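Worksheet: the structure to be examined is printed underneath.
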Amino acid sequence: MKQLLTGDEAIARGAYEVGVRFASAYPGTPSTEILETIAEEYSGDIHAEWAPNEKVALEAVIGAGMAGARSLAAMKHVGLNVAADPFFSLAYVGVNAGVVIVTADEPGQFSSQNEQDNRNYARASMVPMFEPADSQESKDMLADAFRISEDYDVPVLYRMTTRVCHSKGLVEFAERQNLALRPYTRQIKKYVATPANTRPAKVKLQANYARLKEYSNTCQWNRIEMGSPAIGIITSGDCYLYAREVFGEDASYLKLGFTNPLPDDLIRQFAGQVQKIYIIEENDPWLELYIKAMGIPCTGKELFPRNGEMIPEVLRQAIYGTPIPQDPELAEALINRPPTLCAGCPHRGFFYELGRRKNIMISGDIGCYTLASGAPYNAMESTLCMGASVSIGHGAQQVFDSDPDNKMRVVSVLGDSTFFHTGINSLIGVAYNRSKPITVVLDNRITGMTGQQENPGSGLTATGDVTQAISIPDLVKALGFEHVRVIDPNNLKQVKETLDWAIALDEASVIITRWPCALKKRNAFDEAEFAGAFTQRYTVNQEVCIGCKKCTKTGCPAIVFQTAIKKSSIDPEKCVGCSVCAQVCPVQAIVLEA
Amino acid sequence: MQTKNILLTGVGGQGTILASKLLTEGLMQEGYDVKMSEVHGMSQREGPVLTHVRYGSKVYSPVVEKGRADIIIGFEELEALRNLDYLRGDGQGIVVLNRARVNPIGVQNGSDFYPDKIEALIQARAGKLLALDASELARHLGNVRVMNIILLGALVRQMGLEAIDWPAIIAANVKERFIEVNQKALALGMALEAPVQA
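Protein sequences, first through last, are from chains A and B.
Sequence positions in the first sequence follow the working numbering and run 334 to 927.
Sequence positions in the second sequence follow the working numbering and run 4 to 201.
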């Protein structure tokens with residue numbers, strides 16, 4: 334049977350076919366759908382769970398592998414930074430049943446904070462790496478990835494990119510291999526990473542890495558495809574597809590799918606068969622520097638861009654000088670469609686009020702609420718990585734407070750899922766070191782930006798089973814914070830008074846806003862807690878409206894300002910009745926629809 | 004056969020995802036090699052969505068190149084304009100345009116103006132423009148949401164894909180109670196020819 338699958342769905346299918354029994358992930362574009370698909374389609378055979386962060390996901394997978402089950406962790410590229418600590422040492426310690434770590438890189442940075450190239454992790458750790466080019470390979474290479482992991486006693490890195498994750502192609506299915514659990518035996522010298530044990534383990538890792546050269550030179554994933562010998566292209570992942578598209582039979586290809594360690598013999602053989610070598614790869618000159626170090630002349634980043642995707646038009650421009658079509662008349666006519674907080678988003682009311690404050694530093698985080706850094710809120714002045722809002726805020730507050738004349742207060746803002754991810758560690762730092770920032774957890778009862786995943790506070794697991802909903806206020810109080818308030822972010826008066834209260838305190842405080850994401854498919858708990866939410870609509874009484882545009886400063890996409898008559902109106906298709914605009918209106922022109 | 008390039012463009016919630024799913028299923032059943040790539044912003048409501056579909060005897064890249072799309076289906080006018088530089092540069096490209104506007108926030112709050120003359124800009128670059136109010140047509144069929152399938156029907160006709168058993172593909176991919184209205188929508192779209200009117 335053949336089906337059209339995305340690369341992410343193909344990995345989920347592959348995990349099923351190769352007998353994976355345990356999978357864990359933290360949501361992150363473009364990797365999210367791997368675990369989602371496993372949870373939806375294969376949870377009868379594979380235990381699928383969301384971890385609070387990528388480090389926890391990988392460690393759980395390591396434990397599952399030790400206990401004898403083939404296991405898979407999935408994360409976006411920056412997620413591997415979080416999981417880097419177990420990752421590097423796991424390379425030394427090795428595995429029992431196979432362990433594969435999927436990293437989804439983002440050439441072009443569609444929705445990430447950086448464009449780091451995670452192939453560097455493979456070389457730095459001596460962990461073998463696969464780079465599928467399309468959906469079929471995303472599934473098929475997984476069989477070899479697990480076999481290599483077990484045969485060479487090492488975890489395997491599976492490097493995807495956004496285009497491979499999110500493109501669909503035809504995939505041929507196979508049956509599931511039903512593998513018995515590998516027996517767990519106590520092997521203290523293997524699993525206890527102390528210097529005495531890991532010094533020899535490193536030697537073993539190096540020896541296995543050297544042995545893998547043979548596999549790299551001979552495996553089906555690294556192959557020469559001869560066309561014209563005038564141009565030889567060495568490439569990996571989806572770049573192969575783009576190169577093939579542009580050059581067709583006018584070039585020869587060394588297509589690499591297993592890229593760590595690289596196949597030296599095959600590279601030399603290919604170099605001997607072609608006249609001019611181009612290295613086509615996204616992000617870093619990772620293949621290029623290696624091949625140049627082998628003494629093989631080749632052309633790479635001096636010709637091809639170092640940033641963004643190597644899509645066909647980019648390659649054509651680099652090699653043939655063909656300009657990428659640009660139409661000034663169209664560019665002139667276009668306007669932007671910037672992302673906005675949705676109508677009814679619970680972040681709106683909070684940031685509307687926060688943005689009006691003076692003498693505060695707003696330390697932000699990763700989520701939909703990062704949009705508060707833009708107009709009309711301008712209520713976030715730093716975001717860096719998951720959980721950093723609280724710790725950056727803590728450091729800044731300590732320094733502001735070291736100057737008795739400095740009255741700056743820090744407000745650190747992060748979402749519920751980000752709080753559980755790593756914000757909690759940062760908040761422990763605040764408690765322990767007795768600083769006094771104001772920490773705000775925007776609890777919208779779900780992980781929003783990645784498309785509605787459950788999290789430790791939401792009360793459901795990845796597979797939709799009821800579980801304990803961890804209470805953020807209780808957790809915070811357990812750390813010793815005395816000043817903790819839970820508020821309704823749509824109630825502007827309450828938000829304002831709570832900010833006044835927190836700023837006036839000369840101690841740390843934690844504010845938790847609690848209202849569901851407007852896009853959340855509300856469960857029975859939500860229906861009980863937020864009865865009546867999203868059922869009303871507001872409308873503008875245009876006889877009363879004075880055209881002051883204050884309502885538009887809420888940034889709500891449901892509000893339409895009619896320039897011709899200088900009056901606001903509300904799109905009834907979009908309004909879900911959060912009432913923020915009605916509270917902002919100075920003349921009470923915005924009223925509940927009858 | 005030379006690979007064909009299709010682009011579907013609109014905003015979240017307009018049904019581009021179902022339309023492209025049905026399209027790729029049909030192409031697959033017809034025996035073509037098919038690749039599809041979808042680019043969308045973050046998960047907020049009404050973000051831009053751009054879907055690339057390529058089919059032929061052997062397809063490598065999943066993305067359509069700028070200047071090489073055989074046809075663009077614009078579910079929303081501004082997004083059609085935004086991606087018009089994907090259309091074939093030889094004046095032979097086809098554009099199916101839904102006369103629908105979803106205002107970006109700047110237009111909503113009065114700080115921006117929705118571009119006019121979009122159809123004229125398309126006309127000047129396309130070999131054929133089929134502009135229609137698919138939502139209005141869908142409303143006449145009794146379900147405004149099937150406007151995406153009307154647009155799919157227009158695409159099927161323009162690309163000469165009528166031989167594929169679309170009613171069966173619809174039946175296999177949509178909920179029972181919506182099968183008939185979707186099949187009607189497809190037939191309606193397939194019956195539209197290009198009365199180019201700017």
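C-beta: ideal position from N, C-alpha, C; glycine also.
Just so we're clear, the structure is a prediction, and the values are computed from it rather than from any experiment.
Proximal residues of chain B, C-beta to C-beta of residue i below 7 Å
i: A/K588; result: Per Cβ cutoff of 7 Å: no residues; A/K588 is ~11 Å from chain B at best.
i: A/D753; result: It should be pointed out that residue 753 of chain A corresponds to Phe in this sequence rather than to Asp. Here the premise fails: no neighbours, minimum Cβ distance about 19 Å.
i: A/S561; result: Within 7 Å Cβ-Cβ: nothing; A/S561 doesn't reach chain B, min ~17 Å.
i: A/T370; result: Within 7 Å Cβ-Cβ: nothing; A/T370 doesn't reach chain B, min ~15 Å.
i: A/T673; result: Q47, I108
i: A/L338; result: Those within 7 Å of A/L338 in chain B number zero; the least Cβ separation is about 10 Å.
i: A/P658; result: K69, G70, D88, G92
Proximity winner among the options, relative to residue i (alpha-carbon distances)
i: A/V489; options: A/R480, A/T495, A/V497; result: A/R480
i: A/N447; options: A/N616, A/L925, A/R556, A/Q539; result: A/N616
i: A/P770; options: A/L832, A/P905, A/A802, A/E547; result: A/L832
i: A/V411; options: A/A437, A/K546, A/I395; result: A/A437
i: A/S768; options: A/T868, A/I395, A/F733, A/N777; result: A/F733
i: B/N112; options: A/A922, A/N640, A/D904, A/A705; result: A/D904
i: A/A584; options: A/Q827, A/T568, A/A563; result: A/A563
i: A/M713; options: A/E665, A/D736, A/V773; result: A/V773
i: B/K24; options: B/E179, B/V67, B/D115, B/W169; result: B/W169
i: A/G565; options: A/L413, A/G633, A/K537, A/R509; result: A/G633
Sheet register partners of residue i (DSSP bridge)
i: A/N593; result: A/M462
i: A/Y871; result: A/L925
i: B/N101; result: B/L135
i: A/D839; result: DSSP lists no partner for A/D839.
i: A/V394; result: Answer is none; A/V394 lacks a bridge partner.
i: A/H816; result: For A/H816, which the question treats as bridged, DSSP gives no partner whatsoever.
i: A/Y491; result: A/V435, A/F463
i: A/W848; result: According to DSSP, which records beta bridges pairwise, A/W848 is partnered with nothing at all.
Cβ-based neighbour list, residue i, same chain, cut-off 7 Å, excluding 5 preceding and 5 following
i: A/E374; result: A345
i: A/G401; result: N429, A430, L514, R515, P516, Y517
i: B/T19; result: L11, G13, V52, T54, F78, N151
i: A/S482; result: V428, G431, V432, V433, P488, V489
i: B/M4; result: G59, S60
i: A/Y710; result: F684, Y685, G688, G888
i: B/G156; result: A188, L189, A190, L191, G192, M193
i: B/L21; result: N151
i: B/Q186; result: P170, I173
i: A/S549; result: N555, F591, P594, L595, P596
i: A/A930; result: Look at the range of chain A in this structure, 334 to 927, and you will see that residue 930 of chain A is not part of it.
Beta-carbon proximity list for residue i, same chain, < 6 Å, skipping 5 on both sides
i: A/L512; result: G352
i: A/M462; result: A455, L490, R492, T592, N593
i: A/V415; result: N386, E387, K388
i: A/E614; result: C572, L620
i: A/S404; result: F355, V394, A397, G398, V432
i: B/F181; result: none
Heavy atom of the ligand SAH within 8 Å of residue i beta-carbon
i: B/N112; result: As far as ligands go, the structure on display features none, and thus does not contain the ligand SAH.
Under 8 Å from the C-beta of residue i: neighbouring residues of chain B
i: A/T283; result: Residue coverage of chain A in this structure runs from 334 to 927, which leaves residue 283 of chain A outside it and unanswerable.
i: A/M643; result: By Cβ distance, chain B contributes nothing, its closest Cβ being about 10 Å from A/M643, past 8 Å.
i: A/R577; result: Y63, S64
Chain A contact residues for residue i, given Cβ-Cβ distances below 9 Å
i: B/Y58; result: Simply none; closest approach about 11 Å.
Proximal residues of chain B, C-beta to C-beta of residue i below 9 Å
i: A/V893; result: N106, V110, Q111, N112, G113
i: A/I613; result: None at all; the shortest Cβ gap to chain B is about 12 Å.
i: A/G888; result: I108, N112
Same chain only: Cβ atoms within 8 Å of residue i, ignoring 5 sequence neighbours per side
i: A/L825; result: G682, Y685, E686, V913, Q916, V917
i: B/V184; result: L144, G145, N146, V149
i: A/Q469; result: A343, G502, L503, V504, E505
i: B/V199; result: Interpretation of B/V199 is limited by its pLDDT of 42, a score under 50 that renders its predicted location unreliable; no figure is taken from the coordinates.
Chain-ordered neighbours of residue i on chain A, where CB pairs are closer than 8 Å
i: B/K38; result: D467, S500, K501, G502
Per-residue contacts from residue i into chain A (C-beta, under 7 Å)
i: B/G50; result: P672
i: B/T27; result: L337, K501
Would you call the segment 676–683 of chain A in contact with the segment 654–663 of chain A, where contact means no fewer than 3 C-beta pairs closer than 8 Å? no
Count the CB pairs spanning the segment 564–579 of chain A and the segment 523–537 of chain A that are closer than 8 Å, and state whether there are at least three. no
Would you call the segment 813–823 of chain A and the segment 731–745 of chain A touching, i.e. three or more CB-CB distances under 8 Å? Result no; under three Cβ-Cβ pairs closer than 8 Å.
Are three or more beta carbon pairs between the segment 108–122 of chain B and the segment 78–96 of chain B nearer than 8 Å? Three or more Cβ pairs closer than 8 Å define a contact, and the segment 108–122 of chain B meets that threshold against the segment 78–96 of chain B.
Check whether the segment 895–911 of chain A touches the segment 122–141 of chain B, counting contact only when three or more Cβ pairs, one atom from each stretch, lie closer than 8 Å. no
Is it true that the segment 718–728 of chain A meets the segment 691–704 of chain A, where meeting means three or more beta-carbon pairs spaced less than 8 Å apart? yes
Do the segment 88–104 of chain B and the segment 632–645 of chain A meet, that is, are 3 or more Cβ pairs less than 8 Å apart? Short answer: they don't touch.
Cβ contact check for the segment 826–846 of chain A and the segment 889–904 of chain A: 3 or more pairs under 8 Å: no
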